[in-house]
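Report on the following structure.
Numbering (my numbering), first residue to last: 6 to 196.
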């Protein structure tokens, strides 16, 4: 009977250990995360002082992060009111982009993979956007066509906005960045 109990304890311990290890690296870790309004960033993910949980997450082959001196990637899964982004809704991204040599804004699934969307467009670069007279952005994001700068979304389901800033001073000061210096994400309409 002791052998059965011992085998049960070992199997339970191994199962719990493997399950907790999987949960620790299945998604982006909370350690090292910086929240700036609706945007999240992991500024140390491309540096030497990367934490072991982020290293394990990246080792799963998700994607290669920008190096500390290369820039910063910001990810938004929620709008500024805290609601999850939904492809059935219309969003407006407006405001400023911090000082940077260049930037890209794209729409991805929860794992960071691009969608196959209409017009084969899943993002913008800084050279493709028409700015307002004061230099601010006004990008509409919806599954149906919009006037002006339109970023197509999937017709339903959750998605992420990914803003990559290249060669930017905020890469090393992300924790001190204010939400006003990044684009706002407003839900305009939703069925």
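Glycine residues also receive a C-beta, built at the ideal position from the N, C-alpha and C atoms.
DSSP places residue 39 inside the beta strand (DSSP E), whose first and last residues are 39–41. When DSSP reads this structure, residue 189 sits in a beta bridge with 99.
In the three-state reduction of the DSSP assignment, residue 92 falls in the coil class. Here the C-alpha atom of residue 121 lies approximately 26 angstroms from the C-alpha atom of residue 87.
Membership of residue 129 in the beta strand (DSSP E) is indicated by the continuous run 128–130.
A direct Cα-Cα distance of roughly 11 angstroms separates residue 133 from residue 144. Its Cα nearest to that of residue 129, the residue 142 stands out among 137, 142, 41, 149. Excluding its 5 nearest sequence neighbours in each direction, residue 107 has C-beta neighbours in its own chain below 6 angstroms: 131, 171, listed in chain order. Distances from the CA of residue 102 to each of 189, 11, 10 were compared; the closest alpha carbon is that of 189. The continuous beta strand (DSSP E) containing residue 146 extends over residues 142–147. Residue 153 carries a coil assignment under DSSP once its states are collapsed to helix, strand and coil. For residue 93, same chain residues with a beta-carbon under 6 angstroms away, outside a window of 5 residues either side, are 161, 196 in chain order. In the DSSP secondary-structure assignment, residue 166 is bridged to 81, 112. Ranking 53, 183, 148 by CA distance to the CA of residue 100 puts 183 first. In this structure, residue 192 sits away from residue 157, with a CB-CB distance that is not shorter than 9 angstroms. Residues of the same chain with a CB within less than 6 angstroms of the CB of residue 80, apart from the 5 flanking positions on each side, are 45, 165, 167 in chain order.
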